[in-house]
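**Q** Handing you this structure, nothing more for now.
In my numbering, the protein residues as written are 1114 to 1261.
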């Protein structure tokens, strides 16, 4: 029962974020996986890395390279990302955010934080802290050592 509940809450949160962004994003109607790609790219950028290998993004999102290609195609068409050859290994394609994506993120991030924060506030701070610890343990057991 717990596993089903975890999967259901994850799917509902993903849908909520996707629906919210599809109404507030100034470009297109991003899908959940496309939002995931943008989130990963923003995370790496905040860590000082501008441009991430397609395969690395796929690992974060548990998505195959073939599926990643189609999702990045649409983001590129919308002017939100660009693909570039890796300077050291030309076999590797790196994806980075465009100024358009950075501006969009800057404009909508406060609203997203407020919206998701409102949902999270249905839990007390102690419940949120306990949930974060519990989810961290599950991720560690599954071998997911990434920070995000």
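Where a beta carbon is used, it is the ideal one built from N, C-alpha and C, also for glycine.
Taking the alpha helix (DSSP H) that residue 1332 belongs to, which residues open and close that run?
**A** Since the displayed the chain opens at 1114 and closes at 1261, residue 1332 lies outside it and no answer follows.
**Q** For residue 1164, which residues from the same chain have a beta carbon less than 6 Å from its beta carbon, with the 5 sequence-adjacent residues on both sides left out?
**A** These residues qualify, in order along the chain: 1207, 1209.
**Q** CB residue 1211 to CB residue 1195, shorter than 8 Å?
**A** Contact flag set, yes.
**Q** Specify whether the stretch 1234 to 1252 and the stretch 1169 to 1184 touch according to this definition: at least 3 beta carbon pairs, one from each stretch, less than 8 Å apart.
**A** These segments do not touch.
**Q** Tell me whether residue 1208 sits in a helix, a strand or coil according to DSSP, three-state version.
**A** Note: residue 1208 maps to strand in three-state DSSP.
**Q** Grab me the residues of residue 1205's own chain with a C-beta within less than 7 Å of its C-beta, minus the 5 sequence neighbours each way, in chain order.
**A** Cβ within range, chain order: 1166, 1199.
**Q** So does residue 1144 have its beta carbon nearer than 7 Å to some heavy atom of the ligand SAH?
**A** Annotation note on the ligand SAH: not contained in the displayed structure, which lists no ligands.
**Q** Report buried or exposed for residue 1149, applying the criterion of at least 16 other Cβ atoms within 10 angstroms of its Cβ.
**A** Buried, by the Cβ-count rule.
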